[in-house]
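Input: a single structure, listed below in structure tokens.
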Amino acid sequence: MPLVNMRDMLQHAHREQYAIAAFDLVSLDFLHGILNAAEACEAPVILSLAESHFDYFDFPTIMPAVVSAARRANVPVAIHLDHGATYESAVQGINLGCTGVMVDASTQPFEGNVDYTRRIVEMAHNCGVPVEGELGYVAGVEGEDAERHPGEVRYTEVGEAKEYVERTGVDFLAVSIGTVHGRMKGEPNLDIERLGAINAALGIPLVIHGGTGLTDQQFQDLIANGVTKINYYTALADAAGQQIRANAEADSGCGYTGLVKGVIGAIQSECEKRIRQWGSAGRAAAILAEAEPWQEVEHVIVYNTEGTTPEKVDELMQIGRETLSTIPGVRRVFTGNALQEEASYQHCWVIRFAHRDVVASYKTHPDHVAYADTHFRPVAGDRISIDYEDAD
Numbered sequence: 006m007p008l009v010n011m012r013d014m015l016q017h018a019h020r021e022q023y024a025i026a027a028f029d030l031v032s033l034d035f036l037h038g039i040l041n042a043a044e045a046c047e048a049p050v051i052l053s054l055a056e057s058h059f060d061y062f063d064f065p066t067i068m069p070a071v072v073s074a075a076r077r078a079n080v081p082v083a084i085h086l087d088h089g090a091t092y093e094s095a096v097q098g099i100n101l102g103c104t105g106v107m108v109d110a111s112t113q114p115f116e117g118n119v120d121y122t123r124r125i126v127e128m129a130h131n132c133g134v135p136v137e138g139e140l141g142y143v144a145g146v147e148g149e150d151a152e153r154h155p156g157e158v159r160y161t162e163v164g165e166a167k168e169y170v171e172r173t174g175v176d177f178l179a180v181s182i183g184t185v186h187g188r189m190k191g192e193p194n195l196d197i198e199r200l201g202a203i204n205a206a207l208g209i210p211l212v213i214h215g216g217t218g219l220t221d222q223q224f225q226d227l228i229a230n231g232v233t234k235i236n237y238y239t240a241l242a243d244a245a246g247q248q249i250r251a252n253a254e255a256d257s258g259c260g261y262t263g264l265v266k267g268v269i270g271a272i273q274s275e276c277e278k279r280i281r282q283w284g285s286a287g288r289a290a291a292i293l294a295e296a297e298p299w300q301e302v303e304h305v306i307v308y309n310t311e312g313t314t315p316e317k318v319d320e321l322m323q324i325g326r327e328t329l330s331t332i333p334g335v336r337r338v339f340t341g342n343a344l345q346e347e348a349s350y351q352h353c354w355v356i357r358f359a360h361r362d363v364v365a366s367y368k369t370h371p372d373h374v375a376y377a378d379t380h381f382r383p384v385a386g387d388r389i390s391i392d393y394e395d396a397d
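Take the sequence shown: its letters are residues 6 to 397, numbered as in the working numbering.
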């Protein structure tokens with residue numbers, strides 16, 4: 006089960022001065038290309054799903070495949086929601102299986118960014134999930150997805166960064182020091198001195214958005230000054246697009262499968278190049294030995310009811326599924342009735358939690374308390390409740 010705590014993963018990278026790639030994916034071809042590259046390099050990797058890309062795939066549909074592939078990988082993997090736009094987006098990401106979330110309030114004034122981010126951090130930490138914040142603004146210039154990041158670059162200030170981290174409790178900070186989303190126009194000009202000062206003031210893993218177009222030396226300078234997560238997408242999209250165009254030129258009558266032939270390999274090649282360049286190749290074993298495995302929990306309740314009807318039991322189950330599934334950290338809600346009439350307990354709940362920390366936060370969540378006190382406990386006095394951690 007190579008899913009690991011992203012906080013542990015990035016803290017290891019920060020201490021050992023290398024960077025882990027966070028590759029954005031928009032299809033299963035990207036998913037396979039990224040994981041193939043990580044396994045070929047024996048490297049940790051972050052599978053990143055950006056809310057700005059949700060026009061290209063259905064988030065709830067693709068996430069089960071992402072989680073399944075991550076769990077079957079033989080290298081440490083984290084799954085990250087990138088550029089989450091709302092509190093509800095962050096909750097949905099965690100409930101679908103993301104093990105890290107990035108909240109993007111970078112366009113708001115400082116106080117608004119702090120208040121919004123702090124609320125996300127409180128919720129996510131109650132689920133055991135680390136949070137990436139952003140201070141400053143990384144604009145888009147040209148190329149894939151750049152139009153989704155309009156406006157001018159706004160650099161991160163050292164003093165504000167220190168205050169922001171202290172007041173929000175974020176685990177990682179995305180900084181703006183001259184990179185852009187999309188393709189770089191002209192020669193990139195990074196403020197490495199500013200980055201170094203931010204790193205010295207904060208001492209936490211730093212994140213760069215907009216890695217496409219930087220030179221080898223610039224990547225090394227970023228890593229030497231605290232950058233331990235680099236977001237990378239445009240060059241992957243360009244490699245995939247180039248392969249599709251080449252296929253079309255070679256056979257103008259080919260169908261879909263002919264057009265996408267070799268796309269996984271093209272994405273893998275670009276990913277491998279960056280993984281090796283950023284120093285994470287060969288680090289898988291060290292991460293697996295040190296990082297907390299990401300283990301989900303099954304909250305199991307078996308019960309009998311009294312003073313009610315089968316129809317009312319079905320109703321309370323339906324209300325419970327609808328109510329409890331929206332609580333942060335709840336991955337799945339299953340309700341069932343025993344097949345055997347002679348079973349000691351005739352009904353059950355099996356509620357999957359994203360992490361063991363959810364056991365405590367779920368218990369006191371107002372939606373759970375209200376449902377349990379109003380609908381469940383009055384008719385289910387005969388019950389047993391046990392939490393089971395994933396043994397994989």
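Each residue gets a CB set at the ideal place from its N, CA and C atoms; glycine is no exception. This structure is a prediction, so every number in the text was calculated from the model and none was measured.
(Q) So, for serine 94: in the same chain, excluding its five sequence neighbours on each side, which residues have a beta-carbon less than 6 Å away from its beta-carbon? (A) As a first step, residue 94 must be located in the sequence shown, where it is residue number 89. Result list for serine 94: Glu56, in chain order.
Q. Any idea which residues DSSP pairs isoleucine 84 with across the strands?
A. What you label residue 84 is simply residue 79 of the sequence shown in a count that begins at 1. Paired residue(s): Leu52.
(Q) Counting C-beta neighbours from all protein chains within 10 Å, is the total for threonine 217 16 or more, i.e. buried, or is it exposed? (A) Here residue 217 corresponds to residue number 212 of the sequence shown, with the count starting at 1. That one is buried.
Q | Test item: CB-CB of valine 307 and cysteine 259 under 8 Å | A | Here the question's residue 307 lines up with position 302 in the sequence shown. Here the question's residue 259 lines up with position 254 in the sequence shown. Against a cut-off of 8 Å, the Cβ pair of cysteine 259 and valine 307 comes out as no contact.
Q | Environment of leucine 344 [buried if 16+ CB atoms lie within 10 Å] | A | Working through the sequence shown from its first residue, we reach residue 344 at position 339. Leucine 344 is exposed by the Cβ-count criterion.
**Q.** Among Asp362, Leu200, Val31 and Ile203, the one whose alpha carbon lies nearest that of glutamate 301
**A.** Position 296 of the sequence shown holds residue 301. Checking every option, the nearest Cα to that of glutamate 301 belongs to Asp362.
**Q.** Distance CB(glutamine 282)-CB(aspartate 221) smaller than 8 Å
**A.** Position 277 of the sequence shown, counted from the first residue, corresponds to residue 282. Position 216 of the sequence shown, counted from the first residue, corresponds to residue 221. Taking 8 Å as the Cβ cut-off, glutamine 282 and aspartate 221 qualify as a contacting pair.
Q) With burial defined as no fewer than 16 other Cβ atoms inside 10 Å of the residue's Cβ, what is the status of aspartate 34: buried or exposed? A) Position 29 of the sequence shown, counted from the first residue, corresponds to residue 34. Flag for aspartate 34 reads buried.
Q: Out of Ile356, Gly263 and Asp29, state which residue places its alpha-carbon closest to the alpha-carbon of alanine 253.
A: Translated into positions along the sequence shown, residue 253 becomes position 248. Alanine 253 has its Cα closest to that of Gly263, out of Ile356, Gly263 and Asp29.
Q: Select from Arg20, Gly183 and Gly231 the residue whose C-alpha is nearest the C-alpha of arginine 159.
A: Your numbering for residue 159 matches position 154 in the sequence shown. Checked all of Arg20, Gly183 and Gly231; the closest Cα to arginine 159 is Gly183.
Q: Check whether the region 94-111 touches the region 123-138, counting contact only when three or more Cβ pairs, one atom from each stretch, lie closer than 8 Å.
A: As far as the Cβ criterion goes, the region 94-111 touches the region 123-138, which means the pair count is three or higher.
Q. Can you name, in chain order, every residue of its own chain whose Cβ lies under 6 Å from the Cβ of threonine 331, other than the five neighbours on each side?
A. Stepping through the sequence shown from its first residue, residue 331 is reached at position 326. If we look at threonine 331 and ignore the five residues flanking it on each side, it has no Cβ neighbours.
Q | serine 366 vs asparagine 10 beta-carbon contact at 8 Å | A | Mapped onto the sequence shown, residue 366 falls at position 361. Mapped onto the sequence shown, residue 10 falls at position 5. No, they are not a contact pair.
Q: Please list, in chain order, all residues of the same chain as tyrosine 238 whose beta carbon is under 6 Å from its beta carbon, the five residues on each side excluded.
A: Residue 238 sits at position 233 when you count from the first residue of the sequence shown. Asp29, listed in sequence order.
Q. In whole angstroms, what separates the C-alpha of alanine 289 from that of aspartate 395?
A. As a first step, residue 289 must be located in the sequence shown, where it is residue number 284. As a first step, residue 395 must be located in the sequence shown, where it is residue number 390. If you take the alpha carbons of alanine 289 and aspartate 395, they lie about 22 Å apart.
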